[in-house]
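Worksheet: the structure to be examined is printed underneath.
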Amino acid sequence: MKSFQIIPLVLLAIILQSCAGFNCLEGTGPVITEEIDLNLIKEIENNTSVDIELRYGQNQKIEVKGHRNHIELLQRQVSAERWVVDFSENVCAEDMIIKVTIPEIRSLEIDGSGDFTALTPFQGKDFDVMIDGSGNVSIDISAEDIDIDVDGSGDVRLNGYAEEMTVNIDGSGDVFAFDLEANEVSVDSDGSGNVQIYVKETLNAKIKGSGNITYKGDPEKMEFTQKGSGSIKQK
-12 MKSFQIIPLV
-2 LLAIILQSCA
8 GFNCLEGTGP
18 VITEEIDLNL
28 IKEIENNTSV
38 DIELRYGQNQ
48 KIEVKGHRNH
58 IELLQRQVSA
68 ERWVVDFSEN
78 VCAEDMIIKV
88 TIPEIRSLEI
98 DGSGDFTALT
108 PFQGKDFDVM
118 IDGSGNVSID
128 ISAEDIDIDV
138 DGSGDVRLNG
148 YAEEMTVNID
158 GSGDVFAFDL
168 EANEVSVDSD
178 GSGNVQIYVK
188 ETLNAKIKGS
198 GNITYKGDPE
208 KMEFTQKGSG
218 SIKQK
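The sequence shown begins at -12 in our numbering and counts up one residue at a time.
Spelled out as structure tokens, the structure:
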């Protein structure tokens, strides 16, 4: 009889402990806009639910719009020109917006639900996108080499130009790149996400999952490997 009384108590303790993880610090006071000073950044990793707007500019400038108590908890360490956007405590900061103006962007990574949206075009030599969360990336970028890795559910929307582009899909997120002209494209799809690309010269595509690949253009060289249920077709 005693064992039957203990079991509900144990279950209650587990439930209470799990619910505690959902507690987060609410914003207090008015919403303000504050400019923060950081070392030079060329790579950004977003581990939060905060949306980040990107603009091209010769001088770096970072503005944060949100509650003061949230802004104070925003981590500001930059290592090897990489800023990891996170908080020192668990906060409810869905209404925060970070506006970043920088002369160059090399890498965007998402491990949370926050989005990256570029409001102006960018240029560079190499550009990488890595998505492990549910946040989306939208950018107009011209670069020699573009690498896209989608392991989560977030989508990637690309405009611009690339000499070479590599796309790896292991998750459910989609890649929309009909508006990015690439000379050489390599796609490796192991997940369920779909890929749309514009290729001019060489296309190498491998499908081992259920995601579909649709391409625009008339590439001179094409190599297809299909082991999954996904399809490859020309638009």
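The C-beta atom is built at its ideal place from N, Cα and C for all residues, glycine as well.
These numbers come from a predicted model, not from an experiment.
Per-residue DSSP class, three states only, for residue i
{"i": "E50", "result": "strand"}
{"i": "G8", "result": "Caution is warranted here: a pLDDT of 42 is assigned to G8, below 50, making its placement in the model unreliable, and no coordinate value can be reported."}
{"i": "E76", "result": "coil"}
{"i": "E210", "result": "strand"}
{"i": "E59", "result": "helix"}
{"i": "Q64", "result": "coil"}
{"i": "I89", "result": "strand"}
{"i": "T201", "result": "strand"}
{"i": "K29", "result": "coil"}
{"i": "S216", "result": "coil"}
Exposure label - residue i; buried when at least 16 CB within 10 Å
{"i": "V63", "result": "Checking the sequence, you will find Arg at residue 63 rather than Val. Under this definition R63 is an exposed residue."}
{"i": "F211", "result": "exposed"}
{"i": "E13", "result": "exposed"}
{"i": "L41", "result": "buried"}
{"i": "Q45", "result": "exposed"}
{"i": "T35", "result": "buried"}
{"i": "P226", "result": "Outside the displayed range of the chain (-12 to 222) lies residue 226, so it cannot be described from this structure."}
{"i": "L223", "result": "Nothing about residue 223 can be reported from this structure: the residues present for the chain run from -12 to 222 only."}
{"i": "N10", "result": "exposed"}
{"i": "N26", "result": "exposed"}
{"i": "K193", "result": "buried"}
{"i": "F(-9)", "result": "Residue placement at F(-9) is poorly supported in this model, since its pLDDT is 48, which falls under 50; the coordinates still yield a value, given next. Exposed, since its Cβ has fewer than 16 Cβ neighbours within 10 Å."}
{"i": "S179", "result": "buried"}
{"i": "S218", "result": "exposed"}
{"i": "N77", "result": "exposed"}
{"i": "S75", "result": "exposed"}
{"i": "E21", "result": "exposed"}
{"i": "S121", "result": "buried"}
Boundaries of the beta strand (DSSP E) in which residue i is found, first to last residue
{"i": "R42", "result": "D38 to Y43"}
{"i": "E21", "result": "V18 to I23"}
{"i": "N191", "result": "V182 to I194"}
{"i": "K220", "result": "I219 to Q221"}
Worksheet item: For the segment 126 to 133 against the segment 80 to 89, are there 3 or more C-beta pairs whose distance is under 8 Å?
Response: No, they do not touch.
Discussion item. Report the start-end ranges of each beta strand (DSSP E) in the segment 91 to 179 that is 3 residues or longer and not cut off at the edges.
Written reply: Every unbroken stretch of the beta strand (DSSP E) spanning 3 or more residues and falling wholly within the segment 91 to 179 is given here in chain order: 94 to 97, 103 to 105, 109 to 118, 124 to 137, 143 to 156 and 162 to 176.
Worksheet item: How do the segment 97 to 113 and the segment 54 to 68 stand: do at least 3 beta-carbon pairs fall below 8 Å, yes or no?
Response: As far as the Cβ criterion goes, the segment 97 to 113 does not touch the segment 54 to 68, which means the pair count is below three.
Discussion item. When you compare the segment 49 to 56 with the segment 110 to 121, are there three or more beta-carbon pairs, one atom per stretch, that lie closer than 8 Å?
Written reply: No, the segment 49 to 56 is not in contact with the segment 110 to 121.
Practice prompt. Say whether the segment 156 to 176 touches the segment 130 to 147, bearing in mind that this needs 3 or more beta-carbon pairs closer than 8 Å, one atom from each stretch.
Written response: Verdict: yes, contact present.
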